[in-house]
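As you go down the protein sequences, you meet chains A, B and C in turn.
With numbering that gives the first Met the number 0, letter number 22 in the first sequence gets 21, and the count goes up by one each step, no holes.
With numbering that gives the first Met the number 0, letter number 297 in the second sequence gets 296, and the count goes up by one each step, no holes.
With numbering that gives the first Met the number 0, letter number 155 in the third sequence gets 154, and the count goes up by one each step, no holes.
In this text, a Cβ means the ideal position worked out from N, Cα and C, and glycines have one as well.
Beneath this line is the structure, given in structure tokens, with notes to follow.
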Amino acid sequence: MMEKRLSKALLFGGVFLTVLMVPAMAFAQQAAPVVAVAWQLGAVKALAAGLAMGLSALAAGYAQGKIGSAGAGTLAERPEAAIWVITLQALPEIIVLLGFVSAILING
Amino acid sequence: MVRAAVKTPASGRDYGYGNARVRGMRSRLLAGPFLEELVEAPDVARIFQMLADTEYRSDVETEALKGRTPATMDEALAVNIVRTFRKIMGFLNAEAYDLVTTLLGRWDLFNIKSVIRGKHVHLSADEIEDGLYAVGSLGTVDLRLLAGLPDTRSIVDTLLTWGSPYGEPLRENLTKYESDGYLALLELALDRFYYAWAEERLAGRGVNTALARGVLGLQVDSINLLSTFRLLKSDIGDVDPSSFFLEGGAHIDRELFLQMAALSDVDEVLDALKSTPYTGRLEAVVVRFEQEGSIAVFERALEDYVLRKALDAGRGDPLGVGIVISYLWAKQNEVTNLRIIVKGNSVGMPADRMRRELILV
Amino acid sequence: MEEVRPTRSELLERRSQIQLAEQGMDLLKQKRDALLIEFMSVMDETLRLSTTLQRAVSDAQYSLAVAKSVDGNVSVRSVAMATKGDVVVDMTGTKIMGVSVPVVTKGESPVRSSFTRGYSITGVSSRIDETADRFERILDVIIAYADIETRLKRLGEEIQKTNRRVNALEQITVPALREQVAYIRMTLDERAREDLFRLKKVKKKIESRKSVPGAA
Chain A
0 MMEKRLSKAL
10 LFGGVFLTVL
20 MVPAMAFAQQ
30 AAPVVAVAWQ
40 LGAVKALAAG
50 LAMGLSALAA
60 GYAQGKIGSA
70 GAGTLAERPE
80 AAIWVITLQA
90 LPEIIVLLGF
100 VSAILING
Chain B
0 MVRAAVKTPA
10 SGRDYGYGNA
20 RVRGMRSRLL
30 AGPFLEELVE
40 APDVARIFQM
50 LADTEYRSDV
60 ETEALKGRTP
70 ATMDEALAVN
80 IVRTFRKIMG
90 FLNAEAYDLV
100 TTLLGRWDLF
110 NIKSVIRGKH
120 VHLSADEIED
130 GLYAVGSLGT
140 VDLRLLAGLP
150 DTRSIVDTLL
160 TWGSPYGEPL
170 RENLTKYESD
180 GYLALLELAL
190 DRFYYAWAEE
200 RLAGRGVNTA
210 LARGVLGLQV
220 DSINLLSTFR
230 LLKSDIGDVD
240 PSSFFLEGGA
250 HIDRELFLQM
260 AALSDVDEVL
270 DALKSTPYTG
280 RLEAVVVRFE
290 QEGSIAVFER
300 ALEDYVLRKA
310 LDAGRGDPLG
320 VGIVISYLWA
330 KQNEVTNLRI
340 IVKGNSVGMP
350 ADRMRRELIL
360 V
Chain C
0 MEEVRPTRSE
10 LLERRSQIQL
20 AEQGMDLLKQ
30 KRDALLIEFM
40 SVMDETLRLS
50 TTLQRAVSDA
60 QYSLAVAKSV
70 DGNVSVRSVA
80 MATKGDVVVD
90 MTGTKIMGVS
100 VPVVTKGESP
110 VRSSFTRGYS
120 ITGVSSRIDE
130 TADRFERILD
140 VIIAYADIET
150 RLKRLGEEIQ
160 KTNRRVNALE
170 QITVPALREQ
180 VAYIRMTLDE
190 RAREDLFRLK
200 KVKKKIESRK
210 SVPGAA
């Protein structure tokens, strides 16, 4: 189920990106007046930041889902490994964190 | 109950949870040095004491209340393995469940046969229960119900009603059995059906299916090989040897089987096996076979080989059915080893003799 | 002893009785010796069979222990259910030196092959199979042993009986008869001596009458 949802999200994101990015590129290449580009650039940046954040969050969710199910299995049999399970469970958060940082950098 | 083979949805292939649990359980298998200590144990009471610190604690302690004898220990081990296998069945994903129950179908066969054998000699349900080992897809409750039925016909009908695949071959041969009372034919029909059925179920593509198929093929080969050795030893009159051939072997096909069945001594059979991986294993024990004149020597060697192959299955994909298969076999072997130690200890078998029967991995 | 009439004919009677008893004793002794020889050979056979039996039993027990441990009690029990069978034993009788002994023979060998035992070999481990085979072999030996052992027992009883008879003749009958003979002879001798004495007395009296003629 997880994979299906993810692939749908990716597809949707991809289509969205092309639709918006292509005209933006076209405008940039035409060397249009700077003033006219400013709002479009802002929009693309915002979108990019959103995607960076959103996709990385989805990826982290996917990873955590898998780790979570294995972790639950491990905990059922070896409760003493709880610390490890929690550590591993939390690791994918780094992906979200990186996405968050990229989003800030894009807008900064 | 055996579920019908349907295409497994993606969610049915999540091995993360199940394999993590199985790995957790695998980490609690008894280590070689511990078994070595058990071999050296002075008496059964000491073995009870030592096992009380392991995975077996709850079962061993429950049975110890009835007395610390080899019989209660045997009971404890049987209860433990049934409980463990049922627990695993409970958390496996759909694909693994299908594969594993197909592989463990031989225990279903064993149980169905026990029930029918019990009926054959008119035993009570309680007495039949002593011959049941609920590690397959038929659970304790199902088997108890079967044992309580009045005759073989109602057992077959019940299996058919449950949609169990084993009902059909029994039904086909039931009339003949009822008229001549020849149990072996019924059992043979069941065996032949099961291995053909299992082969078909495991014929699909996919790494996991292939793994299970490999293990099944080795088992079938072992049985076929042992049948050939038995055919060498005894005269079966005008019975067609091919009726003992089971389909689905990995290396021994019908042609090779018939060729071997026509031979007259073990050396010739070993020669005929040259192209299969079994030859090395069997040749290693052929001297012992000649000393003891017992084909059990070959059987143990083949069991050893199949076990090691099944354990190898666990060394591959960490998110595949191999982990489960290897655990089931390892657990089975561990219980067998413990039984050997307990029994050996109680009959005063020398430690060396015990070590020779043990399979340590 | 009291009823013995001390007469010459009685003496002859007793003497022939002694002779008969001694003859019988000799015959019985010969029978005993012959029985003993037979007994010894049966004994050897019994010993041989009993060692075979012991070995068969310990073999079977061992392989049962292995089957129970490797395949598990449950499997062994299950297979045992399938192997119902009858053992046919024929019992007739014969006579050895006049001793009737039963002859036990197996009708059909209780040893079956893996294919006729009732289960299908494709589903039974060879350990259990071989254990069954060994136990059936024990049955085979047990039947032979039953035959030879009853023979041994009967022979033993017969030897004891003969021995008792010999002893009775030797220790009681013959000495009693000899005693009777001695008594009769003593009584007869006594009587003979009395007669002699009486005759002598009579003779003396007659002679004394002759020496005094006036008295006659």
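Determine the extent of the beta strand (DSSP E) in which residue i is found, giving its start and end residues.
i	result
Asp89/C	88-95
For residue i, which residues in the same chain have their Cβ closer than 7 Å to its Cβ, ignoring the five residues on either side in sequence?
i	result
Met24/B	Tyr326
Leu104/A	none
Pro109/C	Val86, Glu135, Leu138, Asp139
Ala215/C	Because Ala215/C carries a pLDDT of 46, less than 50, the predicted location of this residue cannot be relied on, and the following value inherits that uncertainty. Within the same chain, Ala215/C has close Cβ partners Arg208.
Val3/C	Glu9, Gln179, Tyr182, Ile183
Phe99/A	Met52
Tell me the residue span of the alpha helix (DSSP H) that contains residue i.
i	result
Ser99/C	Premise fails: Ser99/C lies in the beta strand (DSSP E), 98-105, not in any alpha helix (DSSP H).
Asp150/B	Element bounds for Asp150/B: n/a, residue is neither H nor E.
Tyr176/B	166-179
Trp196/B	182-200
Gly155/C	125-166
Arg184/C	173-210
Ser109/A	With chain A covering 0 to 107 only, the question about residue 109/A has no answer from this structure.
Asp234/C	In the structure displayed, chain C extends from 0 to 215; residue 234/C sits before or after that span and is not available.
Phe244/B	Run containing Phe244/B: none; DSSP gives neither H nor E here.
Arg77/A	It is not in any alpha helix (DSSP H) - Arg77/A carries neither H nor E in the DSSP assignment.
Lys112/B	104-119
Arg314/B	First-last for Arg314/B: undefined, no H or E at that position.
Tyr14/B	No alpha helix (DSSP H) holds Tyr14/B; DSSP gives it neither H nor E.
Lys65/B	Run containing Lys65/B: none; DSSP gives neither H nor E here.
Ala211/B	206-232
Does the separation of the CB atoms of residue i and residue j fall below 7 Å?
i	j	result
Arg67/B	Ala44/B	yes
Val95/A	Ser55/A	yes
Val56/C	Ile141/C	no
Asp107/B	Leu142/B	no
Ala95/B	Val305/B	no
Arg153/C	Val98/C	yes
Gln125/C	Asp70/C	Strictly speaking, residue 125/C in this sequence is Ser, with Gln absent from that position. Contact: no.
Val334/B	Leu76/B	yes
Arg229/B	Ser113/C	yes
Phe256/B	Asn223/B	yes
Gly11/B	Asn92/B	yes
Val73/C	Gly104/B	no
Thr45/C	Ile120/C	no
Ala81/C	Val75/C	no
Ile46/B	Leu34/B	no
Val341/B	Pro41/B	no
Take residue i and list the residues in its own chain whose beta-carbon comes closer than 6 Å to its own, dropping the five residues that flank it on each side.
i	result
Leu10/C	Ile183
Gly420/B	In the structure as shown, chain B starts at 0 and stops at 360, and residue 420/B therefore has no counterpart that could be examined.
Phe196/C	none
Ala59/C	Arg133, Phe134, Ile137
Ile111/B	Tyr165
Within the same chain, show all residues whose beta-carbon is closer than 8 Å to that of residue i, passing over the 5 residues directly before and after it, in chain order.
i	result
Leu225/B	Ile294, Phe297, Glu298, Leu301
Ala188/B	Pro168, Leu169, Glu171, Asn172
Arg287/B	Val296
Ser62/C	Arg126, Glu129, Thr130, Arg133
Asn106/A	Lys44, Ala45, Ala48
Thr186/C	Pro5
Just checking my contact of residue i with residue j at CB under 8 Å: how many whole Å lie between their CB atoms?
i	j	result
Tyr194/B	Leu245/B	4 Å
Ala329/B	Val360/B	7 Å
Leu231/B	Asp264/B	7 Å
Asp89/C	Gly117/C	Not quite, the Cβ-Cβ distance comes to about 23 Å (not below 8 Å), so this is no contact.
With 8 Å as the C-beta to C-beta threshold (strictly closer), list the residues of the stretch 237-262 of chain B near chain C in chain order. Val238, Phe243, Leu245
Taking only beta carbons into account, state which residues of the stretch 78-99 of chain A come closer than 7 Å to chain B, listed in chain order. none
The stretch 120-136 of chain C: which residues have C-beta closer than 8 Å to a C-beta of chain B, in chain order? Ile120, Thr121, Gly122, Ser124, Ser125, Arg126, Asp128, Glu129
Closer than 7 Å, Cβ to Cβ, to anything on chain C: give me those residues from the stretch 304-337 of chain B, in chain order. Thr335
Could you run through the stretch 129-162 of chain B and flag, in chain order, every residue whose CB is less than 9 Å away from some CB of chain C? Asp129, Gly130, Leu131, Tyr132
So if I threshold CB-CB distances at 7 Å, which residues from the stretch 288-305 of chain B count as touching chain C? Ser293, Ile294, Ala295, Glu298
Listed from N- to C-terminal order along the chain, which residues in the stretch 11-24 of chain B have their beta-carbon within a distance smaller than 9 Å of any beta-carbon of chain A? Asp13, Tyr14, Gly15, Tyr16, Gly17, Asn18, Ala19, Arg20, Val21, Arg22, Gly23, Met24
Within 8 Å of chain E by C-beta, residues of the stretch 33-61 of chain B in sequence order: Among the chains of the structure shown, chain E does not appear; the protein chains present are A, B and C.
Counting only Cβ-Cβ distances shorter than 7 Å, please list the residues of the stretch 218-229 of chain B near chain C, keeping chain order. Ile222, Leu225, Ser226, Arg229
Interfacial residues, the stretch 107-121 of chain B to chain C, with Cβ spacing under 8 Å: Leu108, Phe109, Lys112, Ser113, Arg116, Gly117, His119, Val120
Closer than 8 Å between beta carbons: that is the criterion. Which residues of the stretch 343-358 of chain B meet it against chain C? Gly343, Val346, Met348, Glu356
Name the residues in the stretch 80-91 of chain B whose C-beta lies less than 7 Å from a C-beta of chain C; which are they? none
Taking beta-carbon pairs under 9 Å, can you tell me which members of the stretch 166-191 of chain B lie near chain C? Tyr181, Leu182, Ala183, Leu184, Leu185, Glu186, Leu187, Ala188, Leu189, Asp190, Arg191
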